[in-house]
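Residue numbers (our numbering): 15 to 249.
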Amino acid sequence: MRELPRYREIYETLRRQITDGVFVPGSLLPSENEMCRLYDVTRPTIRKALDLLTKEGFIIRHQGKGSIVKGAPKEIGILSLSSTTSAMDGTRLQTSIIVQPEHRAWDDAFTYAISEEEKQAGCIYFERVRILDGEPVILDITMLPDLGLPRFAEFNLENASLFDLLRSQYKITVTGGIQQLFAISADKRAHSLLRIRQGHPILQVNRKMETNRPGFYLYSQIICVTSKYGLSGRF
């Protein structure tokens, strides 16, 4: 794999430290001079990393004061599970790949029309099941235009974030999108994968997600068992 530019590596390190709580909201990041010594780089490299953090809302830069941590901004377009009976612990949620990423031809993306460029390029298709406390609760089907995503299939998406992968390896971030919600009955496949009876009421969410790369969209279909858990998130 192609190595990330040095400023990008520093950005990823600082971003991770902010999201993990190493740097809490209101605290100061090390000075530019300190980070130059820490990472053995020049100030322009540090400033490029800080510019990215500022743009994404992780820090505020004040002349004479330094870089003040705002905290991790709420992700856009990510749906998370919340229990209807008790607080959720994210460590209880696992992701299993049931269809590995593969190139496919496509004419549309779920209920969304695709451009001629997307159609000609084909898509990268894969399926994952979200498992909570050993119980499958979400079938997540993803279709990505096969445009500018070299070696995507070589990455392991087991218990990994697709959005983090796209951001760190391809500089693609989700900025918003549209979604459609359907109340449907479980078919034979949902019955098999989610361990529910056929005809059981389930929620289907079709999403088209916009990104910072012009003309590049992510498409997904989420099928969720909501009898015990709800979905939450910003979009």
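All C-beta atoms in this analysis are idealised placements derived from N, C-alpha and C, irrespective of residue type, glycine included.
Owing to the predicted nature of the structure, the values given are computational and were not obtained by experimental measurement.
request  = Could you pull the start and end residues of the alpha helix (DSSP H) that Asn47 belongs to?
outcome  = 46-53
ask   = Where does Gln108 sit, in a helix, a strand or coil, going by DSSP?
value = strand
ask   = To the nearest angstrom, how far is it from the Cα of Pro150 to the Cα of Val38?
value = 34 Å
Helix, strand or coil at Ile24 according to DSSP, with G and I counted as helix = helix
inquiry  = Which of the three DSSP states is assigned to Gly91 in this structure?
reply    = Note that Gly91 scores a pLDDT of 43, beneath 50, so its modelled location is shaky; the value from the coordinates is reported in the next line. In the structure shown, Gly91 sits in coil (DSSP, three-state: anything other than H, G, I, E or B).
task = Quick one: give me the first and last residue of the beta strand (DSSP E) that Thr156 is part of.
result = 149-159
message = By the three-class DSSP mapping on this structure, what secondary structure does Leu18 have?
response = coil
ask   = What are the start and end residues of the alpha helix (DSSP H) that includes Lys185?
value = Where Lys185 is concerned, there is no enclosing alpha helix (DSSP H), given that its DSSP letter is neither H nor E.
inquiry  = Only counting the same chain, and skipping five residues up and downstream in sequence, which positions put a Cβ closer than 7 Å to that of Gly136?
reply    = His117, Arg118, Ala119, Trp120, Asp160
task = Classify Arg165 as buried or exposed, calling it buried when 16 or more other Cβ atoms lie within 10 Å of its own Cβ.
result = exposed
key: Ile60 burial status per 10 Å Cβ neighbour count (16 or more: buried)   = buried
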